[in-house]
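Residue numbers (our numbering): 405 to 592.
Structure, as structure tokens:
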């Protein structure tokens, strides 16, 4: 018969596997949100590029023309972050209940009588997760950096396209990627 510690270890390992699968699913859903916005972003980019005369190309003019692209990008990032916050809140609710019920079901009664279990509220767990830096930055900082990074990649690709004399469609394809390659070869 397994000891309490061995059972807790086994449950913790199984839970870690579940968390890993869950996080992979969440990441895929967040990427899908961004990818779903790429078609509209590319369409707005083409409209902006069509109104830009190659002879009058300046960085300042490009920045002003990319306003609608910037809006779509910001909306996509905000949508992704809102959805991610919701996912984290749901996970906090689940985790708060799971951890308490795990220990409640595993600990012998004489231990629980001496050291009663106290659960953490899902709100406190969520707040702790949102306040904890991941690789040196808060989650909200990652979202704002992602928005700026995507826009920087778009702007740099457009600049390079104009420099190389690419057509607007070629520039858009370099940004979004090719259908045949699953859009994996684009700047986004």
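Ideal placement from N, C-alpha and C gives every residue a C-beta, glycine not left out.
Element boundaries [alpha helix (DSSP H), containing residue i]
i: residue 585; result: Element bounds for residue 585: n/a, residue is neither H nor E.
i: residue 526; result: 526–535
Residue i versus the options, residue with shortest Cα-Cα distance
i: residue 495; options: 411, 575, 405 and 430; result: 430
i: residue 442; options: 478, 542 and 420; result: 478
i: residue 480; options: 435, 406 and 514; result: 435
i: residue 490; options: 563, 590, 573 and 534; result: 534
i: residue 599; options: 424, 421 and 458; result: Given that the chain is displayed from residue 405 to residue 592, the structure contains no residue 599 and the question cannot be resolved.
i: residue 531; options: 492, 541 and 554; result: 492
i: residue 590; options: 439, 544 and 410; result: 439
i: residue 552; options: 460, 414, 456 and 476; result: 476
i: residue 455; options: 414, 543, 536 and 572; result: 572
i: residue 488; options: 517, 540, 433 and 468; result: 433
i: residue 498; options: 405, 582, 426 and 541; result: 426
i: residue 522; options: 538, 500 and 541; result: 500
Integer Cβ distance of residue i from residue j, believed to fall under 8 Å
i: residue 576; j: residue 446; result: 5 Å
i: residue 510; j: residue 412; result: 6 Å
i: residue 483; j: residue 417; result: Going by Cβ atoms, the distance from residue 483 to residue 417 rounds to 35 Å, so no, they are not a contact pair.
i: residue 408; j: residue 520; result: Rounded, the Cβ-Cβ distance is 16 Å, inconsistent with contact.
i: residue 586; j: residue 578; result: No, residue 586 and residue 578 are not in contact; Cβ-Cβ is about 15 Å, not under 8 Å.
i: residue 592; j: residue 554; result: 6 Å
Notebook entry, point to check: Three or more beta-carbon pairs under 8 Å between the segment 556–564 and the segment 526–535, yes or no?
Noted result: no
Notebook entry, point to check: Between the segment 503–514 and the segment 468–485, do three or more beta carbon pairs fall short of 8 Å?
Noted result: no
Notebook entry, point to check: For the segment 497–571, which segments carrying the alpha helix (DSSP H) assignment without a break, of at least 4 residues, lie completely within its bounds, in sequence order?
Noted result: 513–518, 526–535 and 543–568
Check: Taking only runs of the alpha helix (DSSP H) that begin and end inside the segment 418–469, which ones reach a length of at least 4 residues, in chain order?
Finding: 463–469
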